[in-house]
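Sequence lines, in order, name chains R and Y.
Letter 21 of the first sequence, counting from 1, is numbered 21 in our numbering, and no numbers are missing.
Letter 74 of the second sequence, counting from 1, is numbered 190 in our numbering, and no numbers are missing.
C-beta: ideal position from N, C-alpha, C; glycine also.
Take a look at the structure below.
Number of protein chains: 2
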Amino acid sequence: MSPREHTHPAVEDVELVAVLSALAEPTRLRIVRMLAAMEGERAWRDIDLPIARSTLSHHLKILRNAGLVQNRTEGTRCFVSLRGEELEDRFPGLLECVLACRDAGAADADGAECGL
Amino acid sequence: MSPREHTHPAVEDVELVAVLSALAEPTRLRIVRMLAAMEGERAWRDIDLPIARSTLSHHLKILRNAGLVQNRTEGTRCFVSLRGEELEDRFPGLLECVLACRDAGAADADGAECGL
DNA sequence: TTCGATATTCGATATTCGTCGAACATCGAA
DNA sequence: TTCGATGTTCGACGAATATCGAATATCGAA
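This is the structure:
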């Protein structure tokens, strides 16, 4: 289909288990890190990951349904951004401390490995 | 088998994705909440959940491998406890804000529903 | 209108996950 | 030693998930 309007769950309807599940997958965590590292939105088209576009669409849908991410449509293209403040309201500190952590296996938003 | 000694990962080897995966399952989250609500250890035998004992063993293994929980063996029985301080060292604030949240679907440690 | 770009959905596949009961291993007590 | 209690592992099952390529729907431009 096309970048049609999507529904986003209300903040109060966002569930913890859904958020944790969404974050508990390396590719999705990487997407979240990437979005967090840029203050603003990111063009769908410019999200460059070593996965098929349909797979990317799938992961973004899960992040969207979990309340982590929101889409904005502009013509035939769309932009993705983190629902940072809303998440902070719902689960204070959660996103922040997940992002703060950089373990050995945590790839950087750009794809490079990160020591600390 | 029996409550034999288990290996626990070193704090520095605990991975974020493993922790999030472990917490992203209702039964396991409930176990963690229960352990957090009691300051100390809990006898395996006394963990009362509506699942088979083998399933409980499975979930505890996942929590253990993720670094969230530790086992202590005493004779033929064992005791489970949260690795609270170590988790705090590794991922500051994470466990705390996960536990702080009580969403609509979050069952209490005792099994009762909890409004707030 | 026709076409190309864009993102989603569909169908298929392989894998992982949660669950159970049964079998097993270990320890302490009789 | 024999037994019972206690957890763990095994084998099996269905459900959920990650992945891909192909098909599809929508928009903007030619």
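Which of helix, strand or coil DSSP assigns to Leu-132 of chain Y: Helix at Leu-132 of chain Y.
Going along the chain, which residues of the segment 118 to 150 of chain Y sit with their C-beta nearer than 7 Å to a C-beta in chain R? Hits within the stretch, in order: Glu-131, Leu-132, Val-133, Leu-136, Ser-137, Leu-139, Ala-140, Pro-142, Leu-145.
Rounded straight-line distance, which links the Cα of Arg-45 of chain R to that of Met-38 of chain R: In this structure, the alpha-carbon of Met-38 of chain R lies about 16 Å from that of Arg-45 of chain R.
Closest to Phe-110 of chain Y by CA distance: which of Y:Arg-120, Y:His-122, Y:Leu-136, Y:Arg-146 is it? Nothing can be reported for residue 110 of chain Y: it is not among the residues displayed for chain Y, which extend from 117 to 232.
With a cut-off of 8 Å, does the C-beta of Leu-94 of chain R fall near any C-beta of chain Y? Any Cβ of chain Y closer than 8 Å to the Cβ of Leu-94 of chain R would place that residue at the interface, and such an atom is present.
Going by DSSP in three states, Thr-76 of chain R sits in which element: helix, strand or coil? In this structure, Thr-76 of chain R counts as coil in the three-state DSSP scheme.
With DSSP as the reference, label Arg-42 of chain R as helix, strand or coil. When secondary structure is reduced to three states using DSSP, Arg-42 of chain R falls in the strand class.
Could you work out which residues of chain R lie near Phe-207 of chain Y, taking near to mean beta carbons separated by less than 9 Å? For a Cβ distance threshold of 9 Å, residue set Cys-97, Val-98, Ala-100, Cys-101, Asp-103 of chain R lies close to Phe-207 of chain Y, ordered along the chain.
Endpoints, alpha helix (DSSP H) assigned at Ile-167 of chain Y: That residue, Ile-167 of chain Y, is in no alpha helix (DSSP H); it is neither H nor E in DSSP.
What is the rounded straight-line gap between the Cα of Leu-179 of chain Y and the Cα of Arg-144 of chain Y? Rounded to the nearest angstrom, the two C-alpha atoms are 7 Å apart.
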